[in-house]
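Chains as they are written, first to last, in the working numbering: chain U, 1 to 229; chain L, 230 to 458.
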DNA sequence: AAATTTACATGACATTTGTCAGTTTTTGAA
DNA sequence: TTCAAAAACTGACAAATGTCATGTAAATTT
């Protein structure tokens, strides 16, 4: 498998694209390719990271455990997303846990490489800033959604988000298959409530299911529901 | 009034402290001091900013309007907080609206000054990154709180947060006085629910009120409530 | 000071969501 | 293939929260 960063297509999606040829070579030399099986954790909440993880393939959920033991999935990371960047930059322990949703390959890039480049290449720093600024905006949007939309609306949005981000297969089912529990942990509800709403959506012809798989049948209808009709 | 950034104490709290003497002088020369009356807006949601606002005095609420017309207060900005940074860096319109909660003085720093410094001084860029990394972590925590804590718990947290951030007067009332409606918009609930919970807290001896003013009477009790007892 | 507006407060009720208890289905290992 | 475990599902009920209606207090204007 080709593992030189210089020829890695994934890099185009993240802040590493601001690196010079030489810097990229350094990253490439210091990185370690790892494969992670579905369900395995890449790092735990509260862990001190020695570097960041660049997702090459597969999808990871970044989640946080609350006091009462419930998991909340804050975001999904796939192709090109760099995980652990926040912790490494702030020099803090992670506040999220990363677990593979399906089989993954990730590149571990040591902390020093990142920090050195940040301190010497303003372009890279600004590029990272832009990404983080975007994430921050997204986070604020999620906060408002959590506070002002119903569980139904949030779940509808989740389906559309998955379709947009990961696409659907030839039969119209979402490429990324999540468990009902994972859906519940994304929209912030109990799995029973989540399951009930899925049944209701199915009855209304908004979605279709086949085992764990979910497909969007009536995108317009879902959009109306999200808008509050 | 002293308006040189070089001698502004507020600067110590934000990323401007990473600037060199010369850079600071440039910021100082390009900035404009503005005073904002309680209730006035500093910028609106969706506006394109020509610069950032550094809060010198007073408190501003940063909020977002949802589709159904409800306001959600995402964060409060006081002493030393730089508002609009995210939008300027990402070169996007603002996603939040900033309104003065009490009389304020803010310094407007033009976009160019910020961008130039970002591109030439990696220390500054990294410092901004650290701040943004911190904000992002906070935002993630809020998301999990919104999804897993009750309105009562969130309101209790809000009171403690205000005490910690802005202190209390000699009679034990919070220095920063918010309306019931503003509290509701922070914790993400209806103002009626908010008022009801305030009454309940008062009955239980957790807090005391005097008109709009609110004071914490039993911090331990509030903490227990937040923890779920 | 009177009038008007705004914020605060409370009751009654509907809706949403969570919890518990149990059944069925699916999945994965032996 | 069979069995055990996990995930999906359903019903019944309780708790949390939102909404509407209405009244009262406080602040602001005239």
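Idealized CB from N, CA, C, for every residue including glycine.
Who are the near neighbours of residue i in its chain, counting only those whose CB is closer than 7 Å to its CB and skipping five residues on each side?
{"i": "residue 156 of chain U", "result": "222, 225 and 226"}
{"i": "residue 162 of chain U", "result": "174 and 176"}
{"i": "residue 457 of chain L", "result": "none"}
{"i": "residue 279 of chain L", "result": "339 and 340"}
{"i": "residue 259 of chain L", "result": "338, 339 and 342"}
{"i": "residue 415 of chain L", "result": "302 and 387"}
{"i": "residue 371 of chain L", "result": "none"}
{"i": "residue 232 of chain L", "result": "262"}
{"i": "residue 146 of chain U", "result": "188"}
Please name the residue, chosen from the options, that lies closest to residue i on a Cα-to-Cα basis.
{"i": "residue 382 of chain L", "options": "L:404, L:417 and L:327", "result": "L:417"}
{"i": "residue 58 of chain U", "options": "U:34, U:70 and U:50", "result": "U:34"}
{"i": "residue 317 of chain L", "options": "L:435, L:340 and L:300", "result": "L:340"}
{"i": "residue 366 of chain L", "options": "U:64, U:117, U:38 and U:162", "result": "U:64"}
{"i": "residue 196 of chain U", "options": "U:160, U:162 and U:151", "result": "U:151"}
{"i": "residue 266 of chain L", "options": "L:289, L:409 and L:422", "result": "L:289"}
{"i": "residue 219 of chain U", "options": "U:159, U:190, U:191 and U:200", "result": "U:159"}
{"i": "residue 249 of chain L", "options": "L:411, L:312, L:352 and L:297", "result": "L:352"}
{"i": "residue 148 of chain U", "options": "L:296, L:312 and L:360", "result": "L:296"}
{"i": "residue 199 of chain U", "options": "U:186, U:180 and U:185", "result": "U:180"}
{"i": "residue 101 of chain U", "options": "U:142, U:183 and U:120", "result": "U:183"}
{"i": "residue 96 of chain U", "options": "U:178, U:191, U:6 and U:43", "result": "U:43"}
{"i": "residue 274 of chain L", "options": "L:268, L:420, L:291 and L:350", "result": "L:291"}
{"i": "residue 121 of chain U", "options": "U:22, U:4 and U:3", "result": "U:22"}
{"i": "residue 165 of chain U", "options": "U:191, U:81, U:146 and U:140", "result": "U:81"}
{"i": "residue 117 of chain U", "options": "L:345, L:354 and L:346", "result": "L:354"}
{"i": "residue 178 of chain U", "options": "U:129, U:13 and U:39", "result": "U:39"}
Among the residues of its own chain, which have a CB less than 8 Å from the CB of residue i, if the five just before and after it don't count?
{"i": "residue 285 of chain L", "result": "237, 239, 262, 308, 333, 334, 335 and 336"}
{"i": "residue 246 of chain L", "result": "240 and 356"}
{"i": "residue 446 of chain L", "result": "401, 434, 435, 436 and 437"}
{"i": "residue 431 of chain L", "result": "437 and 438"}
{"i": "residue 190 of chain U", "result": "184"}
{"i": "residue 235 of chain L", "result": "250, 253, 254 and 257"}
Suppose the cutoff is 6 Å on Cβ atoms and the five residues either side in sequence are ignored; what does the same chain contact list for residue i look like?
{"i": "residue 85 of chain U", "result": "52"}
{"i": "residue 41 of chain U", "result": "99"}
{"i": "residue 277 of chain L", "result": "322"}
{"i": "residue 131 of chain U", "result": "15"}
{"i": "residue 423 of chain L", "result": "409, 412 and 413"}
{"i": "residue 312 of chain L", "result": "282, 306 and 327"}
{"i": "residue 13 of chain U", "result": "80"}
Does the ligand FMN have even one heavy atom less than 7 Å from the beta-carbon of residue i?
{"i": "residue 115 of chain U", "result": "In the structure shown, the ligand FMN is absent, as is every other ligand, since no ligand is present at all."}
Taking a Cβ distance cut-off of 8 Å, strictly less, list which residues of the region 102-122 of chain U are near chain L, in chain order. Within the region 102-122 of chain U, the qualifying residues are 118, 119, 120, 121 and 122.
Could you please tell me which residues of the region 67-81 of chain U, in chain order, have their CB closer than 8 Å to any CB of chain L? For the region 67-81 of chain U, the set of residues with a beta-carbon nearer than 8 Å to any beta-carbon of chain L comprises 67, 68, 70, 72 and 74, in chain order.
Given 8 Å as the limit, is there contact between the region 239-255 of chain L and the region 320-329 of chain L, that is, 3 or more CB pairs closer than that? No: fewer than three Cβ pairs fall under 8 Å.
Give a yes or no on contact between the region 212-219 of chain U and the region 161-179 of chain U, applying the rule of three or more CB pairs nearer than 8 Å. Yes: at least three Cβ pairs fall under 8 Å.
Length-filtered (4 minimum) alpha helix (DSSP H) runs lying within the region 29-86 of chain U: With a minimum length of 4 residues, no continuous alpha helix (DSSP H) run stays inside the region 29-86 of chain U.
Check each residue of the region 376-404 of chain L: if its Cβ is closer than 7 Å to any Cβ of chain U, include it; give the result in chain order. Legend: CB atoms of the region 376-404 of chain L lying less than 7 Å from CB atoms of chain U belong to residues 376 and 377.
Interface positions of the region 414-430 of chain L facing chain U (Cβ-Cβ less than 7 Å), listed along the chain: Listed in sequence order: 417.
Write down every uninterrupted run of the alpha helix (DSSP H) in the region 157-216 of chain U whose length is 4 residues or greater and which is fully enclosed by it, in chain order. List check, alpha helix (DSSP H) in window: 180-187 and 191-203.
Check distances from the C-beta atoms of the region 123-140 of chain U to those of chain L and list, in chain order, the residues that come in under 8 Å. Residues of the region 123-140 of chain U with a C-beta less than 8 Å from any C-beta of chain L: 123, 125, 126, 128, 129, 130, 132, 133, 134, 135, 136, 137, 139 and 140, listed in chain order.
What runs of the alpha helix (DSSP H), each 4 residues or longer, lie entirely inside the region 95-124 of chain U? Every alpha helix (DSSP H) of 4 residues or more that sits fully in the region 95-124 of chain U is shown, in chain order, as 111-120.
Take every Cβ of the region 297-307 of chain L, pair it with every Cβ of the region 110-125 of chain U, and state whether three or more of those distances are shorter than 8 Å. Output reads no: the region 110-125 of chain U does not touch the region 297-307 of chain L.
Near-chain L residues of the region 27-55 of chain U (beta-carbon distance less than 9 Å), N- to C-terminal order: For chain L, none of the residues of the region 27-55 of chain U brings a beta carbon within less than 9 Å of one of its beta carbons.
So if I threshold CB-CB distances at 9 Å, which residues from the region 230-242 of chain L count as touching chain U? So nothing in the stretch comes that close.
In chain order, what residues of the region 318-329 of chain L put their CB closer than 9 Å to some CB of chain U? Listed in sequence order: 318, 319, 320, 321, 324 and 325.
May I ask you to list, following chain order, the residues of the region 428-458 of chain L that have a beta carbon less than 8 Å from some beta carbon of chain U? Answer in chain order: 456 and 457.
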